[in-house]
Amino acid sequence: MTRLAAEFWVQAYLTRLRLNDIPAFVVARGDDTAGAVLVKLNTLDGQARAFQRSFDLMTGARNWAVLTEGQEPEVDAAIARQRGFDPDLWVIEVEDRAGRHLLDEPGLAD
0 MTRLAAEFWV
10 QAYLTRLRLN
20 DIPAFVVARG
30 DDTAGAVLVK
40 LNTLDGQARA
50 FQRSFDLMTG
60 ARNWAVLTEG
70 QEPEVDAAIA
80 RQRGFDPDLW
90 VIEVEDRAGR
100 HLLDEPGLAD
């Protein structure tokens, strides 16, 4: 299965969000080709959730799983730790009071 370059996926994701009037921006730029991506959802009420791509070894399926959630400073700290382990990591911040992130939509979910 061919994988998209990280930068291409990030740009496509940002475009999809923009078309749905959901503000988002790159917080940390990772490796253009092979960098992993974290998505932070900020609901603008002091709460946040961070998603990471997970891989099911039994089925081969790829999906988005919650890495951490809670108070925004705690989520930010967890993301900073992940960046410490992986400096090639992209971090995208999505801001939406309704909690929309679009990661469960076709083309982004798998």
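By numbering that gives the first Met the number 0, the letter at position 91 of the sequence shown is numbered 90, and the numbering carries on one by one without gaps.
Idealized CB from N, CA, C, for every residue including glycine.
Closest by C-alpha distance to residue i, when choosing among the options
{"i": "residue 54", "options": "47, 46, 63, 48", "result": "63"}
{"i": "residue 44", "options": "96, 103, 20, 102", "result": "96"}
{"i": "residue 102", "options": "49, 27, 33, 30", "result": "49"}
{"i": "residue 6", "options": "58, 24, 100", "result": "24"}
{"i": "residue 65", "options": "19, 26, 84, 36", "result": "36"}
{"i": "residue 92", "options": "11, 27, 18", "result": "27"}
{"i": "residue 4", "options": "84, 59, 14, 29", "result": "29"}
Rounded separation between residue i and residue j - CA only
{"i": "residue 0", "j": "residue 61", "result": "Because residue 0 carries a pLDDT of 49, less than 50, the predicted location of this residue cannot be relied on, and the following value inherits that uncertainty. Each residue's Cα considered, the two are about 11 Å apart."}
{"i": "residue 33", "j": "residue 40", "result": "22 Å"}
{"i": "residue 38", "j": "residue 78", "result": "10 Å"}
{"i": "residue 94", "j": "residue 76", "result": "18 Å"}
{"i": "residue 86", "j": "residue 21", "result": "27 Å"}
{"i": "residue 16", "j": "residue 57", "result": "31 Å"}
{"i": "residue 99", "j": "residue 52", "result": "17 Å"}
{"i": "residue 82", "j": "residue 67", "result": "14 Å"}
{"i": "residue 105", "j": "residue 19", "result": "14 Å"}
{"i": "residue 8", "j": "residue 90", "result": "12 Å"}
{"i": "residue 84", "j": "residue 31", "result": "17 Å"}
Residue i, enclosing beta strand (DSSP E) - first and last residue
{"i": "residue 23", "result": "23-27"}
Residue i - containing alpha helix (DSSP H), residue span
{"i": "residue 11", "result": "5-18"}
Quiz prompt | Those runs of the alpha helix (DSSP H) which lie wholly inside the region 30-102 and span at least 4 residues | solution = 71-84
Quiz item: Are there three or more Cβ pairs, one per stretch, closer than 8 Å when the region 68-80 is compared with the region 30-48?
Solution: yes
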